[in-house]
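S.K.: For the sequence shown, UniProt numbering assigns the number 1 to the initial residue and increments by one for each residue that follows.
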Amino acid sequence: MANQRTVAVLGPGGTGGLLAALLSRSGHRVLCLAREDTADVLRRTGITVRSAQFGEFTAPVEADTQLREEVDACLITVKHTALDAALTRIPPATLGDALVVPLLNGVEHPAALRARYRADRVAPAVIRVESTRVAPGVIEHGSPFTEIDLAGDAVPRDRLDALAALLDAAGPTARTTGDETATLWAKMAFLAPFALLTTRYGLPLGEVRTRHRDELEALVAETAAVSRACGAPADPARALARYDAFPPGAKSSMQRDAEAGRPLELDAIGGALLRAAERHGVPAPVAERLVRELRDAGH
Ligand SMILES: NC(=O)c1ccc[n+]([C@@H]2O[C@H](COP(=O)([O-])OP(=O)(O)OC[C@H]3O[C@@H](n4cnc5c(N)ncnc54)[C@H](OP(=O)(O)O)[C@@H]3O)[C@@H](O)[C@H]2O)c1
Numbered sequence: 001m002a003n004q005r006t007v008a009v010l011g012p013g014g015t016g017g018l019l020a021a022l023l024s025r026s027g028h029r030v031l032c033l034a035r036e037d038t039a040d041v042l043r044r045t046g047i048t049v050r051s052a053q054f055g056e057f058t059a060p061v062e063a064d065t066q067l068r069e070e071v072d073a074c075l076i077t078v079k080h081t082a083l084d085a086a087l088t089r090i091p092p093a094t095l096g097d098a099l100v101v102p103l104l105n106g107v108e109h110p111a112a113l114r115a116r117y118r119a120d121r122v123a124p125a126v127i128r129v130e131s132t133r134v135a136p137g138v139i140e141h142g143s144p145f146t147e148i149d150l151a152g153d154a155v156p157r158d159r160l161d162a163l164a165a166l167l168d169a170a171g172p173t174a175r176t177t178g179d180e181t182a183t184l185w186a187k188m189a190f191l192a193p194f195a196l197l198t199t200r201y202g203l204p205l206g207e208v209r210t211r212h213r214d215e216l217e218a219l220v221a222e223t224a225a226v227s228r229a230c231g232a233p234a235d236p237a238r239a240l241a242r243y244d245a246f247p248p249g250a251k252s253s254m255q256r257d258a259e260a261g262r263p264l265e266l267d268a269i270g271g272a273l274l275r276a277a278e279r280h281g282v283p284a285p286v287a288e289r290l291v292r293e294l295r296d297a298g299h
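(1) Does ligand 1 have a heavy atom nearer than 6 Å to the CB of Leu83?
(2) Return helix, strand or coil for Val41, following the three-state DSSP convention.
(3) Could you give the DSSP three-state label for Met1: helix, strand or coil?
(4) Is Glu130 close to ligand 1? I mean its beta-carbon at under 6 Å from any heavy atom of the ligand.
(5) Does the stretch 180 to 198 come into contact with the stretch 210 to 224, if we say contact requires no fewer than three beta-carbon pairs (one atom in each stretch) closer than 8 Å?
(6) I need the straight-line Cα distance from Met1 to Gly27, nearest angstrom please.
(7) What first and last residue would you give for the beta strand (DSSP E) that runs through His141?
(8) Any heavy atom of ligand 1 closer than 6 Å to the beta-carbon of Arg116?
(9) Is the beta carbon of Ser252 closer than 7 Å to that of Trp185?
(10) Kindly indicate the opening and closing residues of the beta strand (DSSP E) around Leu31.
(11) Would you kindly report the start and end of the unbroken beta strand (DSSP E) that includes Ser131?
(12) Is Val78 close to ligand 1? I mean its beta-carbon at under 6 Å from any heavy atom of the ligand.
(13) Please identify the residue among Gly16, Gly261, Arg262, Ala234 whose C-alpha is closest to the C-alpha of Leu33.
(14) For the alpha helix (DSSP H) holding Ala195, just list the boundary residues, first then last.
(15) Which of the three DSSP states is assigned to Gly55 in this structure?
(16) Pull up the distance between the alpha-carbon of His280 and that of Asp64, whole angstroms please.
(17) Taking 7 Å as the CB-CB limit, is Leu184 close to chain D?
(18) Relative to ligand 1, is the shortest distance from any of its heavy atoms to the C-beta of Leu99 smaller than 6 Å?
(19) Following the continuous beta strand (DSSP E) through Asp64, name the residue where it begins and the one where it ends.
(20) Taking the alpha carbon of Leu191 as the point to measure from, which residue in Val155, Arg242, Glu207 has its own alpha carbon closest?
(21) Should the stretch 89 to 105 be called in touch with the stretch 119 to 133, which here means at least 3 C-beta pairs below 8 Å?
(22) Would you please state the rounded distance, in angstroms, between the beta carbons of Val7 and Asp72? I believe it to be under 8 Å.
(23) Applying the 10 Å Cβ sphere with the 16-neighbour rule, what's the burial state of Gln4?
(24) With a Cβ-Cβ cutoff of 7 Å, do Leu42 and Val30 count as a contact?
(25) Can you give me the Cβ contacts of Leu167 inside the same chain, cut-off strictly under 7 Å, excluding the 5 residues immediately before and after it?
(26) For ligand 1, is there any heavy atom lying closer than 6 Å to the beta carbon of Ala86?
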């Protein structure tokens, strides 16, 4: 394939495994960076995807525990709780000119990546999808959509557009957005209230939005105020309308992590929200209490 690219994927789980398999299926060379056991499985079996949107298929991938060669782009798809340990698999010198594309939720990781890699090659993205790694190399993709917004204020626009086009051609709806802060906070402003409330009360969204309506509205308003203070537009009424349109049984991934006894991305979402609130002098009493209660509960 003339325009074949080489893409590394650090952490081939729910999101990374899905994107790795789609990129491989569309003809690109995909190099998964994973723990030894997972890398062994991926080399032998490839990645199998069961998807409402893309059908069921298995795609071959290469796999290693370290990046040992130059690539065109490296997608970072571990959870925040594993980020520091996982990044040791990508030596900055090997990465060279590659785009570094974190798809993590949260707003603070781009700065950490810019401190480690070329600042003008870090292109943060947000992904809207529901995808789960049910076993190493086996991905269940439940949402009928996969949408990626790619940003990166310091990254040359043609590099962003080329990567968005490559991802889009592989299946997801991908586009370049103009403003990194707005892109990251748009996701954060929706996610933080959903994640904190569903996890704190152990209830699906349908019950949160009825039984804890006042708290939901207050938290959405707080998050919007913090988002605006950070320089991103926010529309609390639209956020509430989106929660109301969701199926009542919807659960956040933080809540699913809590139910499974896995570490939560609480600091990357709730903690980052509180740090931004404090930095800008925006009161966030509901967020503060929920984060404290979740921490007190051992998370
Ligand atoms: N899943 C979704 O639907 C979704 C949607 C939107 C945003 N996000 C965000 O995307 C990010 C990733 O979430 P996810 O659900 O894709 O996570 P995930 O399914 O848990 O996948 C993370 C992957 O990272 C790997 N990993 C962990 N520690 C590692 C290390 N030290 N070295 C190499 N690999 C390591 C895990 O490997 P093993 O397989 O070996 O355990 C796993 O495959 C999170 O910030 C999440 O909030 C997820």
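We treat Cβ as the ideally placed atom computed from N, Cα and C, and that holds for glycine.
M.R.: Walking through what the data contain:
(1) no
(2) helix
(3) For Met1, the predicted structure reports a pLDDT of 48, less than 50, and the residue's modelled location is therefore unreliable. The matter cannot be settled from this model.
(4) yes
(5) yes
(6) With a pLDDT of 48 at Met1, under the threshold of 50, the predicted position of this residue should be treated as unreliable, though the coordinate-derived value follows. The alpha-carbon atoms of Met1 and Gly27 are separated by roughly 7 Å.
(7) 138 to 141
(8) no
(9) no
(10) 29 to 33
(11) 131 to 135
(12) yes
(13) Gly16
(14) 180 to 201
(15) strand
(16) 42 Å
(17) In the structure shown, chain D cannot be found, because there is only a single protein chain.
(18) no
(19) 62 to 64
(20) Arg242
(21) yes
(22) 6 Å
(23) exposed
(24) no
(25) Ile148, Ala174
(26) yes
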